Amino acid sequence: MTETIHTRRLTLRPIAPDDAPQITALIGDYDVARWLTLVPHPYALSDAQTFISNIRNLGQHWAIVADASLIGVVSIRSELGYWLGKPYWGRGYMTEAASAVVSDHFDETSAPLNSGFHLGNAASAQVLRKLGFVAGGTRTAFSSASKEEVTIQEMTLTRADWQARP
1 MTETIHTRRL TLRPIAPDDA PQITALIGDY DVARWLTLVP HPYALSDAQT FISNIRNLGQ
61 HWAIVADASL IGVVSIRSEL GYWLGKPYWG RGYMTEAASA VVSDHFDETS APLNSGFHLG
121 NAASAQVLRK LGFVAGGTRT AFSSASKEEV TIQEMTLTRA DWQARP
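Under full-length UniProt numbering, the residues of the sequence shown are numbered 1 to 166, in order.
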């Protein structure tokens with residue numbers, strides 16, 4: 001996997017310890033955290049520091065940077081995961097970032113990618129559909145932010161589906 005990826009508007013770079021305050025500020029917004037299963041709310045600086053420390057050997061994680069500011073995170077571990085700070089919603093940033101990461105993935109391997117979204121998260125569903133992901137089954141998971149069970153729509157993307165998208 002590529003360490004740093006450049007797109008038209010974004011730089012995707014490794015997450016650094018200095019990113020903890022900005023990650024805390026963005027993901028600490030309940031409107032962001034509620035769509036992420038493992039993110040607690042409230043989210044403290046120590047949570048971000050632990051996250052950064054723990055991801056070193058767990059897949060590939062990129063800070064999404066626009067105009068020199070961290071605006072979100074995209075990752076590939078066992079599946080494609082992502083989040084974007086609320087001030088940056090609705091600008092196409094996540095589709096751009098995730099597309100670059102998926103392209104990099106399929107340049108390296110033909111292994112399918114899995115992802116998913118909380119039912120009701122129309123924006124996340126749209127990102128995955130634009131990338132060519134196809135719906136599979138559903139599962140439930142406990143949301144640390146909302147402290148309740150949520151339904152996750154599972155999605156899969158094959159290299160063939162990636163290459164066949166418009």
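Cβ atoms here follow ideal geometry from the backbone N, Cα and C, with glycine treated the same way.
Treat the numbers as computed from the prediction; the structure is a model and nothing was measured.
**Prompt:** For residue 94, which option in 39, 155, 51 and 131 has the closest C-alpha, if you only look at C-alpha atoms?
**Reply:** 131
**Message:** Suppose the cutoff is 8 angstroms on Cβ atoms and the five residues either side in sequence are ignored; what does the same chain contact list for residue 31 look like?
**Reply:** 86
**Asked** Which of helix, strand or coil does DSSP assign to residue 36?
**Response** coil
**Prompt:** So who's on the other strand from residue 117, going by DSSP bridges?
**Reply:** DSSP links residue 117 through a beta bridge to 153.
**Item:** First through last residue of the beta strand (DSSP E) which encompasses residue 50
**Value:** Run containing residue 50: none in the beta strand (DSSP E); it sits in the alpha helix (DSSP H), 45–54.
**Prompt:** If we count the other Cβ atoms within 10 Å of its Cβ and call it buried at 16 or more, is residue 61 buried or exposed?
**Reply:** Residue 61 is buried by the Cβ-count criterion.
**Message:** Quick check on residue 115: buried or exposed, where buried means 16 or more other Cβ atoms within 10 Å of its Cβ?
**Reply:** buried
**Message:** For residue 90 and residue 126, I'd like the C-alpha separation in whole angstroms.
**Reply:** 11 angstroms
**Message:** What would DSSP say about residue 13, mapped onto helix, strand or coil?
**Reply:** Here residue 13 sits in strand by DSSP.
**Message:** Tell me the rounded alpha-carbon separation between residue 11 and residue 96.
**Reply:** One C-alpha to the other measures close to 10 angstroms.
**Prompt:** Do three or more CB pairs link the stretch 45–65 to the stretch 151–166 at distances below 8 angstroms?
**Reply:** no
**Asked** If we count the other Cβ atoms within 10 Å of its Cβ and call it buried at 16 or more, is residue 122 buried or exposed?
**Response** exposed
**Prompt:** Which same chain residues, not among the five before or five after residue 65, have their C-beta less than 8 angstroms away from its C-beta?
**Reply:** So the qualifying residues of the chain are 10, 11, 12, 13 and 71.
**Which of helix, strand or coil DSSP assigns to residue 66** = strand
**Asked** DSSP three-state call for residue 106: helix, strand or coil?
**Response** In the three-state reduction of the DSSP assignment, residue 106 falls in the helix class.
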